[in-house]
Each structure stands twice: as structure tokens, then as C-alpha cells.
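A.B. asks: I have a structure I would like to understand better, so I am pasting it below and will then ask my questions one at a time.
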Amino acid sequence: YAHGRILARLSSIGAPVAFMGNRPFEECVEYYSKARALVLPSWEEAWGMALVEAMALGTPVIGSRVGGIVEALGYGARGLLVPPGDVDALADSLASCLAARRDLRPMLRSAHEWALAEHSPEKMLAALENIYGKVAATC
264 YAHGRILARL SSIGAPVAFM GNRPFEECVE YYSKARALVL PSWEEAWGMA
314 LVEAMALGTP VIGSRVGGIV EALGYGARGL LVPPGDVDAL ADSLASCLAA
364 RRDLRPMLRS AHEWALAEHS PEKMLAALEN IYGKVAATC
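Right under this line is the structure:
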């Protein structure tokens, strides 16, 4: 039902939409880099790594205002947030994103820089080593 409503709204502006579902990680980079936007309309989400991966490639992102998505999107500074389950708000945000990509440049730059700075392999390794160090100290 929601897919049909979103498709109907976006067809009026000529926006191509593909619902990709689950894909192997190897395919994701290609999809993210070709996508005009990535949407994560979750009811619950602890983090939303797909958003971070898309942001690192400069792809605009839209996510539900739930859980870790809110933090990942910088409370709206790095991506668009919509209420969970609000198909109209999601369609409006996606249509706006597709129609006004030039206006999104500051947000896309911020998202890209944040994703690379905060989720680099070096930063992630240091965080993991810190966690393991704390665990080892309690044993």
C-alpha cells in the first residue's frame, strides 16, 4: 500500500523509483553511488549503517525519525527526517530531495564529511580497541 502511494506521488514529477530491498554488501556501493536518494523508512532502527554508507558516497538520505537514524542524520543536518509511517511526509521529502538536489549541497557536504571522519576504518578500529580494552580490564 505504502509503495503504491509513494510511486503515485513521485510519478507526477517524473522521478524513477526502485524498491531494492535487501542486497549483498558488494552491490550496495554501486546502488548508493547511482541513487538519487536512499530512503530508510524504519519503524525501529538502532543505527542505520546504510545511511552512513550512502552519505560517505554523497548520496542524499531520508530516514524515519526513530532510534539511531536521528543521530546518524544529525537531527536533520545531514539528511531529511520524516515521522515513522507517514507516507505523505516521506513522499514529500523524497520529491523535494529529487527536485532540489542543488539546494541540498551544504547538507550533502556535511553528511559526506561526517561519514568519512566519524566512520573511517582507523576511527572504527580505535573505538573497537577501546571497547575491548575496557572489557579486558574487567576480567
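One gets the working numbering by counting positions in the sequence shown from 1 and adding 263 to each.
Every residue gets a Cβ at the ideal spot worked out from N, C-alpha and C, and that includes glycine.
#1: On the CB-based measure, 16 or more other CB atoms within 10 Å of its CB, does alanine 380 come out buried or exposed?
#2: Rank Ser359, Ala309 and Trp377 by C-alpha distance to the C-alpha of glycine 321 and give the top, closest one.
#3: Which residues does DSSP pair with serine 305 in a beta bridge?
#4: Pull up the distance between the alpha-carbon of glutamate 289 and that of serine 383, whole angstroms please.
#5: Does the structure place the region 345-361 close enough to the region 266-273 that three or more beta carbon pairs sit under 8 angstroms?
#6: Does the pairing of the region 305-312 with the region 329-338 give three or more beta-carbon distances under 8 angstroms?
C.D. replies: Judging by the given coordinates:
#1: exposed
#2: Trp377
#3: DSSP, once it has assigned bridges, lists no residue as partnering serine 305.
#4: 18 angstroms
#5: yes
#6: yes
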